[in-house]
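Chains as they are written, first to last, in the numbering used here: chain V, 30 to 381; chain Z, 30 to 381; chain X, 30 to 381; chain Y, 30 to 381.
C-beta: ideal position from N, C-alpha, C; glycine also.
To start, the structure under review is shown below, and the notes come after it.
Protein chains: 4
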Amino acid sequence: MSANTFGKLFTLTTFGESHGSAIGGVIDGCPPNISLDLEEIQRQLDRRKPGQSKIVTQRKESDSLEFLSGMVHGVTTGAPIGFIIRNENQKSKDYDHLQEAFRPNHADFTYQKKYGIRDVSGGGRSSARETACRVVAGAIAQQVLKDISIHAFVSQVGTIALEKPYQELDFDQIEENLVRCPDIETAIRMEQYIQEIKKQGDTVGGVITCVVKNVPIGLGEPIYQKLHAQLANAIMSINAVKGFEYGDGFASAAKKGSEHNDLFLADGTTKTNHSGGIQGGISNGMDIYFRVAFKPVATILQKQPSINQSGEEIILEGKGRHDPCVVPRAVPIVEAMTAMVLLDAYLWNKIY
Amino acid sequence: MSANTFGKLFTLTTFGESHGSAIGGVIDGCPPNISLDLEEIQRQLDRRKPGQSKIVTQRKESDSLEFLSGMVHGVTTGAPIGFIIRNENQKSKDYDHLQEAFRPNHADFTYQKKYGIRDVSGGGRSSARETACRVVAGAIAQQVLKDISIHAFVSQVGTIALEKPYQELDFDQIEENLVRCPDIETAIRMEQYIQEIKKQGDTVGGVITCVVKNVPIGLGEPIYQKLHAQLANAIMSINAVKGFEYGDGFASAAKKGSEHNDLFLADGTTKTNHSGGIQGGISNGMDIYFRVAFKPVATILQKQPSINQSGEEIILEGKGRHDPCVVPRAVPIVEAMTAMVLLDAYLWNKIY
Amino acid sequence: MSANTFGKLFTLTTFGESHGSAIGGVIDGCPPNISLDLEEIQRQLDRRKPGQSKIVTQRKESDSLEFLSGMVHGVTTGAPIGFIIRNENQKSKDYDHLQEAFRPNHADFTYQKKYGIRDVSGGGRSSARETACRVVAGAIAQQVLKDISIHAFVSQVGTIALEKPYQELDFDQIEENLVRCPDIETAIRMEQYIQEIKKQGDTVGGVITCVVKNVPIGLGEPIYQKLHAQLANAIMSINAVKGFEYGDGFASAAKKGSEHNDLFLADGTTKTNHSGGIQGGISNGMDIYFRVAFKPVATILQKQPSINQSGEEIILEGKGRHDPCVVPRAVPIVEAMTAMVLLDAYLWNKIY
Amino acid sequence: MSANTFGKLFTLTTFGESHGSAIGGVIDGCPPNISLDLEEIQRQLDRRKPGQSKIVTQRKESDSLEFLSGMVHGVTTGAPIGFIIRNENQKSKDYDHLQEAFRPNHADFTYQKKYGIRDVSGGGRSSARETACRVVAGAIAQQVLKDISIHAFVSQVGTIALEKPYQELDFDQIEENLVRCPDIETAIRMEQYIQEIKKQGDTVGGVITCVVKNVPIGLGEPIYQKLHAQLANAIMSINAVKGFEYGDGFASAAKKGSEHNDLFLADGTTKTNHSGGIQGGISNGMDIYFRVAFKPVATILQKQPSINQSGEEIILEGKGRHDPCVVPRAVPIVEAMTAMVLLDAYLWNKIY
């Protein structure tokens, strides 16, 4: 029941701080006899990597993945898969001035109050660096679930929103721009906006949409492990996430039943899919789609008043290397968490 | 790891179908030496009860609660608290015509496909009747957490939304109207709208807002048991919920860091509370607030085309006793799930 | 993670005190579409029932089982199975003199110290009455695992031990005598000894042996859910158990590897089975067999010095209705726990 | 619910194979602000290390421990503690002849049948090398539980048994001989016997006794997390263990209640301690003591007939570096598992 373990049958346990010697994890419950494409896993890590483009943090990490166990010649054995990623580009000096400071909207205050101690450098355990481990496990889960396709993309940056329904988008375009928005025109506007925000020393929030196709019928366990509740839990655990909705989401609140009901076709599919592919907590075979709200990054390169551990008022200088907008790098993280939830549900469903 | 168990240290395991002989549950992990107000628990149940007003389902259930264990003269002993609520007003005949039918936006299809069998009457296990058990456990959790106040209320019905910030509302007004909206003028409009929808044989969705005051600092466990992720999981497990956001939620996506950051006051509180009382997954002592989207009830009293288990096209007659809008009765359920999450986090935090 | 829940995928959550209104439980994870023989479940309960013969406690309980959910016409649906057994023959007055007393080798002292409160009557939650719920769940597990046969029997009462290897015993004889020992001559001596002990107002311990045949290869999960570790955990959770050994058990400590190794036959079975059917925590298809030590019942009908909650010395009068020897009634409990462990492992193994 | 995770609140998740690049683990739930003595942890590892004396396997491993996270200047922060131990002295060639072979009393057959694949070298995941990780976590748990003393020692090797009650032993003598038996005369006989067995190319079993002093009252959670059931589960998960008994154990089966009952003294302690420090699954403050049976090591340096994966009969040559008797090196492992169980129970008990 480790709080640093995700999942029930397919599990990921992570460790590591932003500026420690390494981060890493243990994946357990991976089915045996899966021939893993290790380069593909590294590719997924590279999508999340800092320093990958001009609109993300300039911290340089190769994020080289070392697997330590659980495979024979790249084939899984059913044994736990241990892995580490050494940290390389820690600049802990950037944090010297923060030893005593509480930064607004960071976890400094709450970690200090909860544990009575905290690892200041780079945000320690609360840093989003931990999510690299999720990408590793998610990439493996995706390789187990070969037939399911998971596509996340940026659908909003600040006030710039992509309004097209996902059915009209070409997911092949997602990786073709720095923002990871499949609509090229919107992507350009988003990228320009992020550049502008960056120049202001400010940050901005955004929204990621995720679409899952080819989900088998039957995933999800009533009552307290409904598929969408598991997805919400997984997605909300990602740093900076403030909201989750699936299917019509908040818009369904304004609708009538006669508008919202998805009528069946003879083959068991439905004409519409307001429901988002899940009924009673169980997948019905239609596309699962959901939206995720991210707050603006808390670290801004502007002076901010704050307090220190002694309760004294201080002025924070914005330093360090940070993302002006987190959503481009969060796309593979959303996909990873989704893959893990689906594999967990898939394994559970094999019991029947 | 029962899928019908909620919680980690304070747990609720439920059983029972809508038209079976009884529903019930087992509460484990309740601290000993708590003198429970059993009438207050029944009062909470009555807030969720069918037949309580003209705008909810007319199924008549007394929902009389029988406790079977875990107390000596009303004082908890640390032993599990078993309870049952007998079903009284089952009209399973209402479901005779549905033996083979799949109703749109219900769990008929997914349960049948997953389990190869289903309890048709009243929706069986997928019925929201199960949530009565949650109200019992939540009411107990609330009595343990005496100092924390949890107030949920209806903030939207269909297109009618309450726009005032929660700080301007009088929570004492919540129970003063059938809709459970603390703004009397809005409440009247909502009630009229629900009546209208009901006459049309239709249903409508809505939003519930929940505000938690007086939360101790330190609740929530990084990384995979962040307090807001646990809340999302809990709330999304309630029937008909489609979305969850806390703090500024989806609105934060459009904001800049310089707007969204909550600056500290010298006492460790913050000037604003865009964050919604949680940083890094740990409560910071400020109000926790979140919004929950509910879809319109799937059962409408209109004819709808559908299919049966043989894949034949049929016409569904809308029958039975159903809510035109689920949010008024869902208010105590949202509060109950919130109380359970907070008690679970509170107990876990005692480890340190 | 309720401490009153047993199992991981097939789970039993129990509640209820010895002299409360009812005991009961919730079984979750039972596969759907199992047509249960409810009379057979009651028959198993009757094997554990008090008052069944002259050598057990004379408390009279019909132990009538009421199922509340989880089935349609006796067929499981995959939903949780709730059940209760009303207590009928509580004589709480028998415990009036014990309100403040700590009985030796009972849980009075430890419950009081741990919880600061306890349910005195009948031992409250610590009573072996709880095990009736295990027999219900175990009987269901056994019906799911139709092909596996589980036979427990009494192999020692006090100093009278059955020395024959289990292969020479006729398990059909187990239910043919009050002691549940398959060797009739030994059974008679055991019964006489129990009668004698009872006349002395004393009690005596014993040993139960359990043999499981027809176990599929592959049950059990390395490293921390090895099949024998799960069995040990399950069996040690039964009231009064003090020891567990499987295969050659403690005798293997005195052996050499060349004596103890079980050599393979060409079909993958082994010539001998010192190992007890499990290698590396995984069943190998050979018989699983283990022995369980039970201490003598703590309540004796003799005067004993003791103390009360205030630390004052008192003299305890032996009162109430108690078993002179617990093993005859514990046979179905050992079988039940075994069946639950095996079903849990069986379901887990379906993941691969 | 990873099968490679031990514990509920204080957890250890391990990974790694005998001849892989590294073994390691993640410890979660360690209380913050504990100043760890890292050299002491290495010292405990050295007690388990291969090659430490002439009576154990001659594989040479420095077992150098690298901590990767969870501390600031050696002080725990509440974050998970990741660690690895690189393997150095793999001689996988020793296993070339076993690629297809099933060795008797090893996990070769069961792993192959369960997973359809296995890591042959050094026994892969089923090797006792994994237990090094347990020693790390146990050493940390012991440092958290400063006041509790845990002493395990060898009490039997083959037919040579130490008969003295533990109260008459000097635990300071345990580390003074290669066998780890606190009675010097018996230790010498045991050592000679192991040498003799080794010359025969054979192996032998043994027994470890463990005594825990200064346990607080109240550890352990009824009904399914009784302290002794947790201990049994933990200890039985150690490689080669075949039996567990606590207090009077199997000997209690032969006793009468009037002999076995531990009468109270006025201070709540008991005159005798047949019970072994636990009543109703909860520690009562008296010494906890238990005995653990180990089978003889399966690998013998003698020719043995066996089969291969194709079911063909083969002759196994005994090769490789193996322990003639496992108990001397298992002493720190038994202590480690005990420390982890107690810390887990200690943390849980803080909830009340």
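Using the beta-carbon count (16 or more within 10 Å), is Z/THR298 buried or exposed? exposed
Can you tell me whether DSSP reads Y/GLN331 as helix, strand or coil? In the structure shown, Y/GLN331 sits in coil (DSSP, three-state: anything other than H, G, I, E or B).
Note down, in chain order, each residue of its chain lying with its Cβ closer than 7 Å to the Cβ of Y/GLN333, except the 5 sequence neighbours on either side. PRO133, LEU345
Note down, in chain order, every chain X residue with its Cβ under 7 Å from the Cβ of Y/PRO251. ALA32, ARG154, SER155
Where Z/PRO353 and V/SER47 are concerned, what is the direct C-alpha to C-alpha distance, given to the nearest angstrom? 51 Å
List, in order along the chain, the chain V residues whose C-beta lies closer than 9 Å to that of Z/ILE217? Within 9 Å Cβ-Cβ: nothing; Z/ILE217 doesn't reach chain V, min ~19 Å.
By DSSP's criteria, X/THR40 is part of a beta bridge. Which residues make up the other side? Answer is X/ASP57.
If you reduce the DSSP assignment to three classes, tell me which class Y/SER50 lands in. coil
Is Z/ILE307 close to chain X, meaning its C-beta is less than 7 Å from at least one C-beta of that chain? No, its Cβ sits nowhere closer than 7 Å to a Cβ of chain X.
Exposed or buried, what is V/LEU97 when buried is set at 16 or more other beta-carbons lying within 10 Å of its beta-carbon? buried
Residue range of the beta strand (DSSP E) that V/ARG320 falls in? 317-323
By DSSP, does Z/ILE114 sit in helix, in strand, or in coil? strand
For Y/ASN116 and Y/SER50, believed in contact at Cβ under 8 Å, the rounded distance: 6 Å
Between Z/LEU371 and Z/ILE177, which are expected to be in contact by the criterion C-beta below 8 Å, what is the C-beta distance as a whole number of angstroms? 6 Å
Report the rounded CA-to-CA distance for X/ASP123 versus X/ARG350, giving the unit in angstroms. Between X/ASP123 and X/ARG350, the C-alpha separation is close to 9 Å.
Check this for me: beta carbons of X/LYS142 and Y/ILE113, under 7 Å apart or not? No, the pair does not count as a contact, with Cβ atoms beyond the cut-off.
Report the residue ranges of all beta strand (DSSP E) runs contained in full by the region 95-173 of chain Z; include only those spanning at least 3 residues, in chain order. 110-115
For a contact defined as C-beta to C-beta under 8 Å, what are the partners of Z/HIS135 on chain V? Annotation: Cβ neighbours of Z/HIS135 in chain V (cutoff 8 Å, chain order): GLN308, GLY309.
Cutoff 7 Å; reference Y/ARG163; Cβ partners in own chain excluding five residues on either side: Excluding sequence neighbours, Y/ARG163 sits near LEU41, ILE362, ALA365, MET366.
Exposure of V/VAL104, with buried meaning 16 or more beta-carbon neighbours within 10 Å: exposed
Backbone CA spacing between V/SER335 and V/LEU260 [nearest angstrom]: 35 Å
Compare the C-beta of Z/GLU159 against all C-beta atoms of chain V and say whether one is closer than 7 Å. yes
Within its chain, find whatever has a CB closer than 6 Å to the CB of Y/LEU292; leave out the 5 residues flanking it on each side and keep chain order. LYS300
Taking only three categories from DSSP, how would you classify Y/THR188? coil
Of all the options Y/LYS324, Y/ILE317, Y/GLN308, Y/TYR318, which has the alpha carbon lying nearest to the alpha carbon of X/GLY309? Y/LYS324
Checking the sheet assignment: what are the DSSP bridge partners for X/CYS239? Beta bridge pairing from DSSP links X/CYS239 with X/ALA181, X/PHE319.
May I ask you to list the residues that DSSP assigns as paired with X/ASN337? X/ALA130
On the CB-based measure, 16 or more other CB atoms within 10 Å of its CB, does X/SER93 come out buried or exposed? exposed
Measure the beta-carbon distance from V/VAL236 to Z/ALA322 and round it to whole angstroms, keeping in mind my assumption that it falls under 8 Å. With 8 Å as the limit, V/VAL236 and Z/ALA322 do not qualify as a contact, their Cβ atoms being about 15 Å apart.
Could you give the DSSP three-state label for X/LEU345: helix, strand or coil? strand
Less than 7 Å between the C-beta atoms of Z/ARG358 and Z/VAL85, yes or no? yes
Which residues mark the beginning and the end of the beta strand (DSSP E) in which Z/TYR222 is found? Counting along the chain, Z/TYR222 falls outside any beta strand (DSSP E), though it belongs to the alpha helix (DSSP H) covering 213-228.
On the three-state DSSP scale, how would you describe X/ILE311? strand
If contact is defined by three or more beta carbon pairs under 8 Å, each pair taking one atom from either stretch, is the region 230-244 of chain Y in contact with the region 194-212 of chain X? Counting C-beta pairs closer than 8 Å gives fewer than three between the region 194-212 of chain X and the region 230-244 of chain Y, which falls short of the contact rule.
Which residue comes first and which comes last in the alpha helix (DSSP H) that contains Z/VAL402? Summary: the structure shown does not reach residue 402 of chain Z, with chain Z confined to residues 30 through 381, and so no result is reported for it.
Since X/PHE44 contacts Z/GLY111 with CB under 8 Å, what's their CB separation in whole angstroms? 3 Å
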